[in-house]
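Engineer: In our numbering, the protein residues as written are 158 to 352.
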Amino acid sequence: MSASIRTFRNVRVRLHRRNSDKWLAGWVTHLARDEARVRLWSHIPFDVNEPVAGECYGQGTVARFNGKVFAQANLDIAVALNGSISYAPSEETPRIYASGLNGQLQGNKKSATLQVLDVSPLSLGVLTDCGFDSGDRLVMSLPTEMGPVAAQVSVANCREDPNAPGHYRIGLHIDDMARLDRARWGRLVAERAEA
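See the structure below:
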């Protein structure tokens with residue numbers, strides 16, 4: 158399978174600690190033939206030379222690597238890769254790291270401010286100041302550099318953020334958008350993928 162390493166920058170990664178059954182989530186910030194840099198969702202201490210395996214989800218492709226941690230600074234870890242990166246087809250839609258976007262969610266009974274964590278063509282991950290139930294239908298309003306984006310969204314999942322007490326990580330599925338909002342959203346996702 159032919160895939161560009163660039164395809165896997167700022168996309169979701171699952172990192173497996175080889176000395177345990179623990180899988181961690183984060184974002185690939187750099188991927189090269191001999192090194193990967195990962196920003197974890199939460200601070201987990203690693204030992205130097207601790208073996209790890211990673212799976213990065215790009216457009217239609219998953220990249221897998223093995224290596225050893227050689228540096229860590231807070232949420233960021235650097236991994237020296239052992240061997241080559243392997244590629245395989247994937248049905249998963251890539252989730253792209255996003256920051257600097259804040260907006261509102263409005264439900265029937267409550268509203269919340271949101272901070273965007275990741276985006277994809279049909280969904281987004283957000284951090285909010287109140288929780289919602291799976292299946293709740295909400296209206297999202299998000300000012301962007303291209304203009305405002307409004308959408309009907311539904312809650313796919315919601316859990317309290319272990320790093321921010323009183324805040325919730327919510328996965329939202331985009332159910333409906335007007336034509337102009339859809340164009341702005343598509344452009345936003347494409348620009349974040351290129352960042």
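C-beta: ideal position from N, C-alpha, C; glycine also.
Look up glutamine 263 in the DSSP assignment and give the residues it is bridged to.
Structural biologist: Glutamine 263 pairs with Ser268 and Val296.
Engineer: Starting from serine 243, follow its DSSP beta bridges and name the residues at the other end.
Structural biologist: In the DSSP output, where bridge partners are listed per residue, serine 243 has Arg221.
Engineer: What number of angstroms, rounded off, separates the C-alpha of proline 319 from the C-alpha of serine 199?
Structural biologist: Answer to the nearest angstrom: the Cα atoms are 8 Å apart.
Engineer: Could you name the residues of the same chain whose beta carbon sits closer than 7 Å to that of serine 247, not counting the 5 residues immediately before and after it, in chain order?
Structural biologist: Here the set comprises Tyr214, Gly217, Thr218 and Val219.
Engineer: Is it buried or exposed, serine 241, if we count other Cβ atoms within 10 angstroms and call 16 or more buried?
Structural biologist: Label assigned to serine 241: exposed.
Engineer: How would you write the range of the beta strand (DSSP E) that glutamate 249 sits in, first residue to last?
Structural biologist: That residue, glutamate 249, is in no beta strand (DSSP E); it is neither H nor E in DSSP.
Engineer: With a threshold of 7 Å on Cβ separation, who are the neighbours of glutamate 212 within its own chain once the five nearest residues in sequence on each side are excluded?
Structural biologist: Only Val170, Arg171, Val219 and Arg221 meet the Cβ criterion.
Engineer: Using only the alpha-carbon positions, how far apart do methionine 303 and leucine 197 sit?
Structural biologist: Near 29 Å, if we compare the C-alpha coordinates of leucine 197 and methionine 303.
Engineer: Does the distance from the CB of valine 276 to the CB of alanine 307 come in under 8 Å?
Structural biologist: No.
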